[in-house]
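Undergrad:
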Amino acid sequence: MDAPAVGAAPDVRVVLDDLGRAFGPRRVLAGVSASVGTGQVLAVTGPNGSGKSTLLRIVAGLLTPTWGSAEVIVAGTPRDPQARRRFIGYAAPDASLYAELSGVENLQFLARLRGVHLTREDLVAALGQVGLLGRGRDRVADYSSGMRHRLKLAAAVLCSPPVLLLDEPGSNLDAEGLEVARGLVEAQRRYGLAVLATNEPRESCWADDVLRLNHA
Amino acid sequence: MPDGSAPSVLAQALAVFRKDLDAELRSRTAVTAVLLFSVTSLAVVGFAKGAVAIPEPVQAALLWVVLFFAAFAGLANVWLHEEDRGTSAILRMHAAPEAIYTGKLLLNLLLLAAVALVVTPLYLAMMDVSVGRPGALALVVGTAGFGLAAGATVVGAMIARASARSSLYGAVGFPVLLPLLMMAAHATALALRPAAPASDIWGALTGIAAFGVAIVAASWIVFAYIWEDA
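Residue numbers (this note's numbering), protein chains in the order written: chain R, 9 to 224; chain U, 7 to 236.
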């Protein structure tokens with residue numbers, strides 16, 4: 009993948025080199041190599057259990073690889089697994105937000121942890137871009153599964169991270185929600201890069217390149 | 007894109023504390039568990055005692071039995087919530103492990119302080135305990151409560167991701183906190199006596215404070231290994 013960098017987007021690259029991961033005796037990933045840079049979108053596809061979510065969790069710094077490496081290079085500097093997290097927006101079906109808090113409170117909390125001050129207007133705009141305008145004060149416990157997923161997408165892109173990792177980006181979304189997700193992925197090209205884990209052809213076609221995984 | 011500077015651990019810890027406090031004020035899960043256990047165990051201890059006069063060391067030990075089990079009934083909730091509701095990945099992505107531990111510790115300190123403020127006077131009244139040195143007793147409960155909350159917090163993090171958590175929590179927590187409980191019971195017995203030498207109470211308090219500080223320091227060092235996936 010050698011598409012040129014876009015405008016003033018930050019210099020960022022994710023490089024997987026002979027990446028592998030085992031859970032006990034079971035190999036989930038083996039020999040995965042790929043590279044994706046600024047302005048690009050990579051889709052990771054493969055059958056259930058082929059390690060798509062595991063790959064994203066390794067890139068996010070949430071899991072360590074058993075073999076090989078997964079580098080996140082920001083402004084020419086490789087970032088260690090903990091330090092890289094602040095450059096990453098991550099959404100996955102098993103990564104929930106806080107049901108006791110409202111949509112606005114969830115976003116406010118996550119922004120505070122990143123050291124970013126957001127005004128009420130910023131938060132309303134963040135909710136508006138995923139179609140949750142007017143529901144920001146409602147508790148997430150009262151959201152439908154599709155609305156929760158929209159909020160996860162809003163949280164993932166909240167501080168314009170240079171690396172966006174979306175596991176099943178269209179999960180639980182209706183046609184309008186899918187369009188929202190597609191728009192966020194497209195917009196991400198201006199801020200950095202995106203990696204999507206999906207088996208949906210309509211989602212993998214948002215990407216410039218596809219990395220196909222098989223059972224290790 | 008984020009700028010070069012990461013937010014401070016203290017700022018992140020306060021954000022975690024504030025979030026947990028908001029969530030707890032709405033769900034009241036931990037408060038309900040802790041208070042329910044405290045009141046039940048106080049009632050059991052009160053009935054068991056009846057009209058029998060019990061010596062100061064036993065009075066002191068019973069107070070810490072109630073506080074220990076009350077703490078262990080509710081203080082693991084701060085971790086169990088994150089694991090059971092699938093929010094721990096998002097928290098890992100956004101905050102440093104030390105900040106998460108500190109934020110959770112702050113909430114547990116607040117919860118234990120609230121429990122101690124309710125349980126201790128109730129216990130003294132129900133058990134008809136006369137306190138020789140009320141100020142010393144307050145200091146002992148405050149200092150040992152700090153150690154108890156710190157220990158319960160780190161043990162809660164250790165067991166939150168294990169199966170058979172309920173039995174593990176007590177099984178792991180009791181040996182870790184046994185020295186603290188013994189020191190707290192001894193210091194409390196001293197504080198109940200009007201004639202206990204101040205130097206003895208001060209010595210016991212120093213030991214309790216050192217244990218609490220050691221628990222917090224050790225937790226800061228090991229917490230990242232407990233919290234992060236391998």
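Just so it is clear, CB atoms sit at the ideal spot from N, CA and C, and this is done for glycine as well.
Rounded to whole angstroms, what's the CA-CA distance from residue 153 of chain R to residue 53 of chain U? Just pull it up for me.
TA: Numbered from its first residue, the first sequence carries residue 153 of chain R at position 145. Numbered from its first residue, the second sequence carries residue 53 of chain U at position 47. Computed Cα separation, rounded: 50 angstroms.
Undergrad: When the cut-off is 9 angstroms and only beta carbons count, does residue 151 of chain R lie next to chain U?
TA: As a position in the first sequence, residue 151 of chain R is number 143, starting the count at 1. It does not; no Cβ of chain U falls within 9 angstroms.
Undergrad: Per DSSP, what kind of secondary structure is residue 70 of chain U in: helix, strand or coil?
TA: As a first step, residue 70 of chain U must be located in the second sequence, where it is residue number 64. Three-state DSSP puts residue 70 of chain U in a helix.
Undergrad: Check the Cβ of residue 102 of chain R against every Cβ in chain U and list those closer than 8 angstroms, keeping chain order.
TA: Taking the first residue of the first sequence as 1, we reach residue 102 of chain R at position 94. The answer, in chain order, is 92, 95.
Undergrad: How would you write the range of the beta strand (DSSP E) that residue 209 of chain R sits in, first residue to last?
TA: Taking the first sequence and counting its residues from 1, one reaches residue 209 of chain R at position 201. It is not in any beta strand (DSSP E) - residue 209 of chain R instead sits in the alpha helix (DSSP H) that spans 209–212.
Undergrad: Rounded to whole angstroms, how far is the Cβ of residue 129 of chain U from the Cβ of residue 226 of chain U, which I believe are closer than 8 angstroms?
TA: The sequence position of residue 129 of chain U within the second sequence is 123, counting from 1. The sequence position of residue 226 of chain U within the second sequence is 220, counting from 1. So it is not a contact: roughly 32 angstroms between Cβ atoms.
Undergrad: Measure the alpha-carbon distance for residue 26 of chain R versus residue 41 of chain R and round it to whole angstroms.
TA: Position 18 of the first sequence holds residue 26 of chain R. Position 33 of the first sequence holds residue 41 of chain R. Near 5 angstroms, if we compare the C-alpha coordinates of residue 41 of chain R and residue 26 of chain R.
Undergrad: Exposed or buried, which one is residue 141 of chain U when buried takes at least 16 other CB atoms within 10 Å?
TA: Working through the second sequence from its first residue, we reach residue 141 of chain U at position 135. Under this definition residue 141 of chain U is an exposed residue.
Undergrad: Would you report the Cα separation of residue 107 of chain R and residue 197 of chain U, rounded to the nearest angstrom?
TA: Translated into the one-based positions of the first sequence, residue 107 of chain R becomes position 99. Translated into the one-based positions of the second sequence, residue 197 of chain U becomes position 191. About 45 angstroms.
Undergrad: Provide the residue(s) that pair with residue 96 of chain R in DSSP beta bridges, ordered along the chain.
TA: Mapped onto the first sequence, residue 96 of chain R falls at position 88. Looking at the DSSP assignment, residue 96 of chain R forms a beta bridge with R:171.
Undergrad: Along the chain, where does the beta strand (DSSP E) containing residue 53 of chain R start, and where does it finish?
TA: Position 45 of the first sequence, counted from the start, is the residue given in the question as residue 53 of chain R. Where residue 53 of chain R is concerned, the enclosing beta strand (DSSP E) stretches over 49–53.
Undergrad: Please return the same chain residues whose Cβ sits closer than 6 angstroms to the Cβ of residue 174 of chain R, not counting the five positions on each side in sequence.
TA: On the first sequence, residue 174 of chain R is found 166 positions in, with the first residue counted as 1. Answer for residue 174 of chain R: 99, 204, listed in chain order.
Undergrad: With distances taken between CB atoms, is the gap from residue 124 of chain U to residue 44 of chain U smaller than 9 angstroms?
TA: Position 118 of the second sequence holds residue 124 of chain U. Position 38 of the second sequence holds residue 44 of chain U. Cβ atoms of residue 124 of chain U and residue 44 of chain U: closer than 9 angstroms.
Undergrad: Locate the alpha helix (DSSP H) running through residue 140 of chain U, then write down its first and last residues.
TA: Residue 140 of chain U sits at position 134 when you count from the first residue of the second sequence. Where residue 140 of chain U is concerned, the enclosing alpha helix (DSSP H) stretches over 140–165.
Undergrad: Which residues, taken in chain order from the stretch 42–69 of chain R, show a beta carbon closer than 9 angstroms to some beta carbon of chain U?
TA: Those would be 65, 68, 69, in chain order.
Undergrad: Out of U:178, U:132, U:222, which one is the CA nearest neighbour of residue 60 of chain U?
TA: Within the second sequence, residue 60 of chain U is the residue found at index 54, counting from 1. The residue with the shortest Cα to Cα distance from residue 60 of chain U is U:132.
Undergrad: Could you give the residue range of the alpha helix (DSSP H) that holds residue 29 of chain U?
TA: For the purposes of this step, residue 29 of chain U is taken as residue 23 along the second sequence, with counting starting at 1. Residues 15–33.
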